[in-house]
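**Student:** Here it is: the structure, laid out below.
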Amino acid sequence: MRLHPGLSIEAFVTEPAVASPVAMEFDERGRLFVVEMPGYPLDTRPTGRVKLLEDADRDGRYEKATLFAEGLVLPTGLMRWKNGVLVTAAPDVWYLEDETGDGRADVKRKVLTGFAFTNPQHTVNGPVYGLDNWIYLAHEGAAEAIVFKEKFGDRGAGVRFADGETAAPLDADRHGVRFRLDPRRIETLAGRSQFGHAFDDWGRHFTLDNSNHARHEVIAARYLRRNPDLLLPSAMQDVSDHGAAATVFPITRGARFEMLSEPGQFTSACSLFFVPGGPLADVLGRSSVVAEPVHNLVHRDVWSASGSTFVASRAEEGREFLASGDAWFRPVNFASGPDGALYVVDYYRPIIEHPEWTAEHHHHDSPALYQGSDRGRIHRIGAAGQASPRAPRLPGDATTEELVGMLAHPNLWWRRTAQRLLVDRRPADAPARLARFFRESPSALGRLHALWTLEGLGRLEPDLVATALGDAEAGVRENAIVLAERFPADQGLQARLLALTADGDARVRFQLAATLGGVEQATARAAQDRLLASAMDDRWMQVAVLSASSDRAAAALVRALRRGSLVEREAPGRASYLREAAGVVGARKRPEEI
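Just so you know, the sequence shown maps onto residues 2 to 595 in the numbering used here.
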């Protein structure tokens with residue numbers, strides 16, 4: 002293996018402890034859950050499993066492996082939840098729990114159902130606990146099966162809660178999904194993702210597909226739902242400055258390819274993941290990794306702001322973050338844990354391409370397709386010389402005060418785990434401790450998680466949001482604008498929002514424009530006009546402004562066309578704004594407006 006300088010890689014877990022691993026997550030007790038999918042690509046029998054690995058003596062080696070659950074059909078991902086795990090295995094999302102403490106799940110409850118059962122690279126996957134306390138699922142909808150239509154031709158029946166209490170099935174085709182269980186809600190996202198998705202530290206959502214390894218879901222679905230007449234081709238921005246199907250630099254010895262695209266370019270991009278904060282971030286900065294299993298490598302991008310969105314730039318020219326000469330090395334997923342390391346899930350097989358798109362001799366369930374199904378590795382990447390820190394108190398054993406303090410940890414694993422546990426356990430002293438922590442913490446990320454934890458507990462107060470709107474950190478202000486939407490009748494908050502129109506951060510101004518689209522006041526419309534005028538050439542600012550109710554469109558177009566108006570100045574974005582605004586008016590089909 003060839004790895005980025007200044008880092009080290011070691012075998013963390015290998016077969017026989019794990020086999021055919023596709024996803025993993027550390028829980029709050031330091032235990033490791035691993036999803037195994039030996040049935041890929043064509044075996045639809047219930048051979049999927051979840052393994053539980055434990056480091057009983059805390060020496061950094063996971064010497065105990067227990068079969069936590071079995072009988073799953075092509076499972077793709079998992080997330081720690083309550084006292085168990087959520088597992089995606091189309092057409093379902095399952096909740097598995099060990100009630101007896103023997104390391105085996107004796108509860109198996111279907112939570113969601115109705116997802117398409119299609120090619121395994123395209124089924125629902127990647128459950129993630131979001132900053133906003135929703136559970137997010139990577140999903141893009143059914144892939145058209147031609148050769149294996151009988152096995153993978155089920156296009157889904159509408160996503161719904163499995164107990165039948167959902168009012169109507171959700172049409173999730175070509176959309177990601179998010180849901181909550183308390184209170185029960187389920188809805189589609191504005192964008193979609195094939196295998197894996199990611200959130201940055203500030204809760205922004207990033208997606209991908211097999212050839213396009215970095216996209217930003219710029220505007221949330223709740224804003225676009227306000228205006229069904231805004232015909233937006235996509236809510237996602239391609240952010241890679243080296244393009245879709247970008248060139249990659251493998252070092253594989255004896256590589257064999259059977260695929261539709263050309264060798265040497267992204268064709269199996271999956272599992273976008275932001276580098277954990279701490280020692281790795283000190284070496285790598287604000288960057289992400291993405292797996293490319295066909296070419297036996299992991300690619301890294303460095304991120305920078307670009308108006309309302311971002312740019313992901315190749316970290317190094319001519320080489321990759323991690324590349325292997327072994328043609329069986331198949332990185333398919335990543336995770337971080339309490340030690341701040343980056344973990345690489347290696348499926349480890351000679352054939353990774355699905356036979357739907359390969360040579361004819363693989364079309365009849367050849368045994369060669371499953372060679373290596375008893376293999377599998379998890380690799381640990383850390384800063385060179387970095388010892389595995391032994392936390393004196395993992396989140397699972399922590400007091401409320403300690404959990405609140407963990408919200409400021411540089412590693413997102415700690416912050417996300419502490420927030421989830423606080424929202425789940427609902428300790429009586431949490432709200433007061435969180436409010437004090439927000440006011441006193443020097444950590445911007447700590448203040449951010451304190452706000453959202455209070456939101457998850459139903460104890461967020463307008464005065465804290467008002468304070469957050471004036472925070473020194475732009476990411477906190479951006480999130481505070483979203484949280485202000487919970488208090489539409491608070492006039493003080495509305496005034497504070499309007500004062501942000503001249504904020505120095507483009508993402509803050511974009512979020513403000515989107516939020517003000519739901520405020521039915523003349524002052525809000527005037528503020529949106531000012532925001533648009535200051536960023537006329539930012540396509541996403543135009544979208545944020547036009548996402549307001551289509552009832553506003555005709556008046557907005559009239560204001561834009563007045564002498565001395567916001568579009569009188571010659572600007573590249575002027576024509577596109579007028580075109581989009583006029584399109585909304587036309588879509589309403591009201592002759593008096595036209």
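Cβ coordinates follow ideal geometry from the N, Cα and C atoms, glycine included.
Considering only residues of the region 417 to 498, which uninterrupted alpha helix (DSSP H) runs meet the minimum length of 4 residues and lie entirely inside it, listed in chain order?
**Tutor:** Taking only runs of at least 4 residues, the alpha helix (DSSP H) segments lying wholly in the region 417 to 498 are 431 to 441, 445 to 458, 463 to 470 and 475 to 485.
**Student:** Looking at C-alpha atoms only, which residue of Leu232, Arg531 and Ser289 is the closest neighbour of glutamate 500?
**Tutor:** According to the sequence displayed, residue 500 carries alanine and not glutamate. Checked all of Leu232, Arg531 and Ser289; the closest Cα to alanine 500 is Arg531.
**Student:** May I ask you to verify whether the region 255 to 274 touches the region 286 to 294, counting CB pairs closer than 8 angstroms and requiring at least 3?
**Tutor:** Flag = yes, the region 255 to 274 and the region 286 to 294 touch.
**Student:** Between which two residues does the beta strand (DSSP E) carrying alanine 336 extend?
**Tutor:** It spans 332 to 337 - the beta strand (DSSP E) in which alanine 336 sits, taken as one unbroken run.
**Student:** In this structure, does DSSP put glutamine 512 in helix, strand or coil?
**Tutor:** Helix.
**Student:** If you compare alpha carbons, which of Ile382, Val19 and Leu232 is closest to serine 337?
**Tutor:** Of the candidates Ile382, Val19 and Leu232, the one whose C-alpha sits nearest the C-alpha of serine 337 is Ile382.
**Student:** Less than 8 angstroms between the CB atoms is what I'm expecting for leucine 461 and leucine 452, so what's the real figure, rounded?
**Tutor:** Right, their Cβ atoms sit about 7 angstroms apart.
**Student:** Would you mind sorting valine 14 into buried or exposed? The rule is 16 or more other CB atoms within 10 Å of its CB.
**Tutor:** Result: buried.
**Student:** By Cβ distance below 7 angstroms, which residues in the same chain neighbour alanine 256 in space, the five residues on each side in sequence not counted?
**Tutor:** Correct list, in chain order: Ala328.
**Student:** Could you tell me if asparagine 213 is buried or exposed, where buried requires 16 or more neighbouring beta carbons within 10 angstroms of its beta carbon?
**Tutor:** Flag for asparagine 213 reads buried.
**Student:** Check whether the Cβ atoms of valine 312 and alanine 384 sit closer than 8 angstroms, and answer yes or no.
**Tutor:** No, the Cβ-Cβ distance between valine 312 and alanine 384 is not below 8 angstroms.
**Student:** Please go through the same chain and pick out, in chain order, the residues whose beta-carbon is closer than 6 angstroms to the beta-carbon of tyrosine 348, but skip the five residues on each side of it.
**Tutor:** Arg331 and Val333, listed in sequence order.
**Student:** Grab me the residues of alanine 12's own chain with a C-beta within less than 7 angstroms of its C-beta, minus the 5 sequence neighbours each way, in chain order.
**Tutor:** So the list reads Arg378 and His380, once near-sequence residues are dropped.
**Student:** Helix, strand or coil: how does DSSP classify arginine 553 here?
**Tutor:** Arginine 553 falls in the helix class under three-state DSSP.
**Student:** Over the uninterrupted alpha helix (DSSP H) stretch that includes proline 596, give me the two end residues.
**Tutor:** The chain is shown from 2 up to 595; residue 596 falls before or after that span and cannot be answered.
**Student:** Tell me the rounded alpha-carbon separation between glutamine 122 and threonine 359.
**Tutor:** If I take the Cα positions, the gap works out to 14 angstroms.
**Student:** Could you check whether leucine 484 and valine 466 sit closer than 8 angstroms to each other, using their CB atoms as the reference points?
**Tutor:** The answer is yes: Cβ separation under 8 angstroms.
**Student:** For the beta strand (DSSP E) containing arginine 589, name the first residue and the last one.
**Tutor:** That residue, arginine 589, is in no beta strand (DSSP E); its alpha helix (DSSP H) goes 573 to 589.
**Student:** In the DSSP assignment, find the unbroken beta strand (DSSP E) run with glycine 406 in it and report its ends.
**Tutor:** Premise fails: glycine 406 lies in the alpha helix (DSSP H), 401 to 407, not in any beta strand (DSSP E).
**Student:** For alanine 328, is the beta carbon positioned less than 7 angstroms from some heavy atom of the ligand SAH?
**Tutor:** As for the ligand SAH, it is missing from this structure, which has no ligand bound.
**Student:** Do you know offhand how far valine 546's Cα is from leucine 533's?
**Tutor:** Distance between the alpha carbons of valine 546 and leucine 533: 7 angstroms.
**Student:** Just mark glutamate 441 as buried or exposed, buried being the case when its beta carbon has 16 or more other beta carbons within 10 Å.
**Tutor:** With fewer than 16 Cβ atoms within 10 Å of its Cβ, glutamate 441 is classed as exposed.
**Student:** For leucine 73 and valine 88, which I take to be in contact (beta-carbon distance under 8 angstroms), what is that distance rounded to the nearest angstrom?
**Tutor:** Going by Cβ atoms, the distance from leucine 73 to valine 88 rounds to 7 angstroms, so yes, they are a contact pair.
**Student:** DSSP on valine 559, reduced to helix/strand/coil?
**Tutor:** Three-state DSSP puts valine 559 in a helix.
**Student:** Do alanine 514 and glutamine 529 have their beta-carbon atoms positioned less than 8 angstroms apart in this structure?
**Tutor:** Yes, the Cβ-Cβ distance between glutamine 529 and alanine 514 is below 8 angstroms.
**Student:** Taking C-alpha atoms, which residue in Pro92, Lys83 and Arg315 lies nearest to proline 47?
**Tutor:** Checked all of Pro92, Lys83 and Arg315; the closest Cα to proline 47 is Pro92.
**Student:** Let me know if glycine 397 comes out buried or exposed under the rule of 16 or more other beta-carbons within 10 Å of its beta-carbon.
**Tutor:** The residue is exposed, with fewer than 16 neighbouring Cβ atoms inside 10 Å.
**Student:** Three or more beta-carbon pairs under 8 angstroms between the region 62 to 80 and the region 96 to 112, yes or no?
**Tutor:** Yes, the region 62 to 80 is in contact with the region 96 to 112.
**Student:** Can you find the residues in the same chain that come closer than 7 angstroms, C-beta to C-beta, to asparagine 120, ignoring five residues on each side of it along the sequence?
**Tutor:** If we look at asparagine 120 and ignore the five residues flanking it on each side, its Cβ neighbours are Ala144, Ala146, Phe153, His355 and Glu357.
**Student:** What is the rounded straight-line gap between the Cα of glycine 519 and the Cα of glycine 279?
**Tutor:** Each residue's Cα considered, the two are about 38 angstroms apart.
**Student:** Of all the options Val51, Val586 and Arg32, which has the alpha carbon lying nearest to the alpha carbon of proline 39?
**Tutor:** Here the closest residue by C-alpha is Val51.
**Student:** Tell me which residue opens and which closes the alpha helix (DSSP H) that glutamine 543 is part of.
**Tutor:** 540 to 547 is the extent of the alpha helix (DSSP H) around glutamine 543.
**Student:** Using CA coordinates, which residue listed in His5, Trp82 and Tyr41 is at the minimum distance from proline 22?
**Tutor:** Ranking the options by Cα distance to proline 22, first place goes to Tyr41.
**Student:** Compute the distance between the beta-carbons of tryptophan 598 and glycine 476, then report whether it is under 8 angstroms.
**Tutor:** The chain is shown only over 2 to 595; residue 598 falls outside these bounds and no answer can be derived.
**Student:** Could you compute how far the alpha carbon of arginine 437 sits from the alpha carbon of glutamate 581?
**Tutor:** So the two alpha carbons sit approximately 46 angstroms from each other.
**Student:** Which residue wins for smallest C-alpha separation from phenylalanine 267, given the options Arg287, Ala588 and Ala246?
**Tutor:** Looking at the Cα atoms, Ala246 is the closest of the given residues.
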